[in-house]
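Visitor:
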Amino acid sequence: MMRLFCFTSILFFVIVHVAYAQHEMPNGTPSSLTPGLKPVFIAEKKTRKIKRVQPDIKKSAEYQFYDRVEKIARQKKRWLRKAAKEKYTNPVYFGHNNLPKKRAVHKMKYCWECGIRH
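Those letters in the sequence shown? Residues 173 to 290, per our numbering, in order.
Dropping the structure here:
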């Protein structure tokens, strides 16, 4: 009795397995792909000349580095030109955009910008 039960269960298992192995998917490809069955896509080849494109040098890391160095050098030149003006070299301008007025000693006012009377 036990032998008959084992034989039928194995037979049932094999039949179910074989039935599912042959099942096809909705798009027409078999469910169990074998190495020989690979989908093939055929595309039309257009006869065009191959356009050669030079690499964009401006996007390279080395170019960007030298670009930043040049930019900083230009900025430093600008700062040096600005610092050479009288406003920054003359101590009378200390803390002021414009030269403070010269007043008589008894009319001098306290300046909140620089903390000096003038």
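The C-beta atom is built at its ideal place from N, Cα and C for all residues, glycine as well.
As the structure is a computational prediction, the values presented were derived from the model and not from experiment.
#1: Let me know the secondary structure DSSP gives R175 once reduced to three states.
#2: List the residues that DSSP assigns as beta-bridge partners of R289.
#3: Does DSSP classify L183 as helix, strand or coil?
#4: Which residue from V186, S181, F179 and G287 puts its Cα closest to that of F266?
#5: Does DSSP put K249 in a helix, in a strand, or in coil?
#6: If you drop the 5 nearest sequence neighbours on each side, which residues of the same chain put their C-beta closer than 6 angstroms to that of L205?
#7: If we call anything under 8 angstroms between Cβ atoms a contact, is V277 one with L271?
#8: Just to confirm, is the Cβ distance from R289 to K279 under 8 angstroms?
Guide: Put simply:
#1: helix
#2: Y282
#3: helix
#4: G287
#5: helix
#6: Here L205 scores only 49 on pLDDT, less than 50, and its place in the model should not be relied on; the value that follows carries that caveat. Cβ within range, chain order: n/a, list empty.
#7: In this structure, L271 does not lie closer than 8 angstroms to V277 by Cβ.
#8: If you check the CB distance, R289 and K279 do not come in under 8 angstroms.
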